[in-house]
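Chemist: Please read through the structure below; I'll follow up with questions.
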Amino acid sequence: MNRFDDQAKTWDENPDKLQRAETFAKEIIQFIAPKKQLHALEFGCGTGLLSFALKDAFKTITLVDTSEGMINVLKEKIEQQKITNFKPVLADLLSDDCTIENTDIIYTLMTLHHIHDLEKAFTAFHRLLHTNGYLCIADLVEEDGTFHKPELNFDGHLGFNKEKLSVLLNNHGFSVEYYSTPHTITKESGKKYPLFLLIAKRRS
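Under the working numbering, the first residue of the sequence shown is numbered 2, with each subsequent residue one higher.
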């Protein structure tokens with residue numbers, strides 16, 4: 002069991018997680034102005050907070066995560082709220098044998114900094130998206146390494162630099178069209194960590 006399996010049952014109890022999901026959902030809708038016939042996919046969905054905030058914006062939403070605990074909580078929420086356009090999937094979207102169908106929009110919230118191989122991730126996103134589809138990344142602005150507690154032994158990315166991330170995306174067939182920092186996480190110490198939203202369009 003990984004730490005996300007362990008945290009799944011209490012994940013939604015943090016009001017900041019709910020607030021940031023709603024904030025990013027509004028930004029995504031404002032920029033993309035999604036139409037009901039579009040299909041979306043959330044990468045690293047957790048308990049689906051962002052997708053629940055976007056549930057009326059898309060025809061279908063596929064929610065993908067590698068944490069069985071998170072997917073189980075998500076399934077319970079879908080059943081309780083009688084959501085009919087969600088498809089929860091326990092899978093590694095970045096694996097070579099992943100059979101997820103192509104989609105119009107991929108979005109991800111606070112997941113990318115956990116992914117070691119960004120080139121593999123962006124290659125997979127490009128493959129999964131239709132031409133002119135959108136990739137929406139919401140994550141940490143580059144930070145000094147203090148965001149994660151030392152005992153977690155975090156070995157991912159310390160947030161992202163806008164320019165470096167944009168170059169990497171461009172090299173993998175994406176054109177960055179939007180960037181903002183609409184939310185800030187404030188830790189118990191009082192230290193603030195801004196989060197960004199970057200939206201890129203898939204080129205052919």
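Even for Gly, the Cβ is constructed at its ideal location relative to N, Cα and C.
Predicted model only: the values in this text are computed from it and were never measured.
(1) Any idea which residues DSSP pairs T63 with across the strands?
(2) Tell me, to the nearest whole angstrom, how far the beta carbon of I107 is from that of F44; I am working on the premise that it is less than 8 Å.
(3) Classify V168 as buried or exposed, calling it buried when 16 or more other Cβ atoms lie within 10 Å of its own Cβ.
(4) Closest to T48 by C-alpha separation, out of K37, K18, F59, A26, would be which residue?
(5) On a CA-only basis, which of T112, L170, T185, S181 is nearest F155? Give me that one, please.
(6) Could you check where the beta strand (DSSP E) with V168 kicks off and where it finishes?
(7) So, are the CB atoms of L51 and L110 less than 7 Å apart?
(8) Assuming I101 and L153 make a contact with CB atoms under 8 Å, what is their CB distance in whole Å?
(9) Output the boundary residues of the beta strand (DSSP E) element that contains G134.
(10) DSSP on D105, reduced to helix/strand/coil?
Modeler: The structure says:
(1) For the purposes of this step, residue 63 is taken as the residue at position 62 of the sequence shown. T63 is bridged to L42, K88.
(2) The residue you call residue 107 lines up with position 106 of the sequence shown. The residue you call residue 44 lines up with position 43 of the sequence shown. I107 to F44, Cβ: 6 Å. Contact.
(3) Counted from its first residue, the sequence shown places residue 168 at position 167. The residue in question, V168, is exposed, as its Cβ has fewer than 16 Cβ neighbours within 10 Å.
(4) Position 47 of the sequence shown, counted from the start, is the residue given in the question as residue 48. When only C-alpha atoms are compared, the closest one is K18.
(5) Translated into the one-based positions of the sequence shown, residue 155 becomes position 154. Answer by Cα proximity: T112.
(6) Translated into the one-based positions of the sequence shown, residue 168 becomes position 167. According to the DSSP assignment, V168 belongs to no beta strand (DSSP E) but to the alpha helix (DSSP H) extending over 163–172.
(7) Here residue 51 corresponds to residue number 50 of the sequence shown, with the count starting at 1. Here residue 110 corresponds to residue number 109 of the sequence shown, with the count starting at 1. Yes.
(8) Numbered from 1 along the sequence shown, position 100 holds the residue referred to as residue 101. Numbered from 1 along the sequence shown, position 152 holds the residue referred to as residue 153. Actually they do not touch by this definition, with Cβ atoms about 29 Å apart.
(9) Taking the first residue of the sequence shown as 1, we reach residue 134 at position 133. Per DSSP, the continuous beta strand (DSSP E) segment holding G134 begins and ends at 130–141.
(10) Mapped onto the sequence shown, residue 105 falls at position 104. D105 falls in the strand class under three-state DSSP.
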